[in-house]
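The numbering used here puts the first residue of the sequence shown at 1461, with every later residue one more than the last.
See structure below.
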Amino acid sequence: MFTGIVEEMGRIRARLDGGRFEIDASVVLEDLAVGDSVAHNGCCLTVVEIGNLEAGEQWYAVEAVPETLSRTNLDDLAPGDVVNLERPVRLSDRLGGHLVQGHVDAIGEVVTPAPDLRVRTPPQLARYVVEKGSITVDGCSLTVIEAEDDAFTVAVIPHTAEVTTLGRRRAGERVNLEVDVLAKYVERLMEKRYPT
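Next up, the structure:
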């Protein structure tokens, strides 16, 4: 589980064999071990290798399977690109955003860049997006200020624009979306209790 509070932007140093990414970072390396999870633009991936930190190698590697690449914007990444990074929440941490699983629900398209970031959503996601509700965009926990059938708008404050990739997003670019998991659970329970 994550909170949607991005810890840092990492930089893609290499992309190997399609789904293997080597990422330059600093904060997330502090207590990182092979096998740990890290959210990359909101997508949870497992660390498979860490550079020699004692020799000053400030990088780690993750691998994404074809299914993950097809359902996220990670396939758009190339060396030199930046990516939002967050380690999993600990039970002792503050929950500054909202509960985020790191399971991307869909890819959205930026219609209007920050500060009033407007994102076009796939039709199947619209029912989960509500005004004043939470949504995760590229790993950032945000509050929806306007929800429509095919798009939503979130306000991106200057700090968030500066310390995440959201300030760099342009119209037409793809972003990872994860809706509030509670909405999906409620819908499933209602379907079971009141079948149509």
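Cβ atoms here follow ideal geometry from the backbone N, Cα and C, with glycine treated the same way.
Note that this is a predicted model, so its numbers are computed, not measured.
Short Cβ contact (9 Å threshold) for residue i with residue j
i     : j     : result
N1636 : V1589 : no
N1501 : T1463 : no
G1568 : R1634 : yes
V1522 : R1480 : yes
G1557 : S1594 : yes
E1444 : R1587 : For residue 1444 there is no data in the structure shown, the boundaries of the chain being 1461 and 1656.
A1474 : L1505 : no
Own chain residues within Cβ distance below 8 Å of residue i, not counting five before or after
i     : result
A1611 : V1571, R1578, V1579, R1580 and T1581
V1542 : M1469, G1470, R1471, I1472, T1625 and R1628
V1488 : E1467, E1468, G1470, V1498, Y1520, L1545, E1546 and R1547
L1555 : T1463 and V1549
Buried or exposed (CB count within 10 angstroms, at least 16 for buried), residue i
i     : result
Y1520 : buried
T1603 : exposed
L1476 : exposed
E1509 : exposed
G1516 : exposed
Residues near residue i in its chain [Cβ-Cβ closer than 6 Å; skip 5 each side]
i     : result
A1566 : P1582, L1585 and L1637
D1496 : V1507
Sequence-distant residues of the same chain with beta carbon closer than 7 Å to residue i, five excluded per side
i     : result
L1559 : M1461 and V1641
E1606 : E1591, F1612 and T1613
Euclidean distance between Cα positions of residue i and residue j
i     : j     : result
G1540 : R1653 : 50 Å
S1486 : V1564 : 24 Å
A1621 : P1575 : 8 Å
V1494 : E1591 : 39 Å
A1538 : C1503 : 16 Å
T1613 : E1490 : 34 Å
Extract the residue ranges of the alpha helix (DSSP H) inside the stretch 1515-1543, only unbroken runs of 4 or more that lie entirely within it. Secondary structure in the stretch 1515-1543: the alpha helix (DSSP H) runs of 4 residues or longer, each lying completely within the stretch, are 1526-1531 in chain order.
Minimum length 3: unbroken beta strand (DSSP E) runs contained in the stretch 1581-1621: Every unbroken stretch of the beta strand (DSSP E) spanning 3 or more residues and falling wholly within the stretch 1581-1621 is given here in chain order: 1594-1597, 1600-1607 and 1611-1615.
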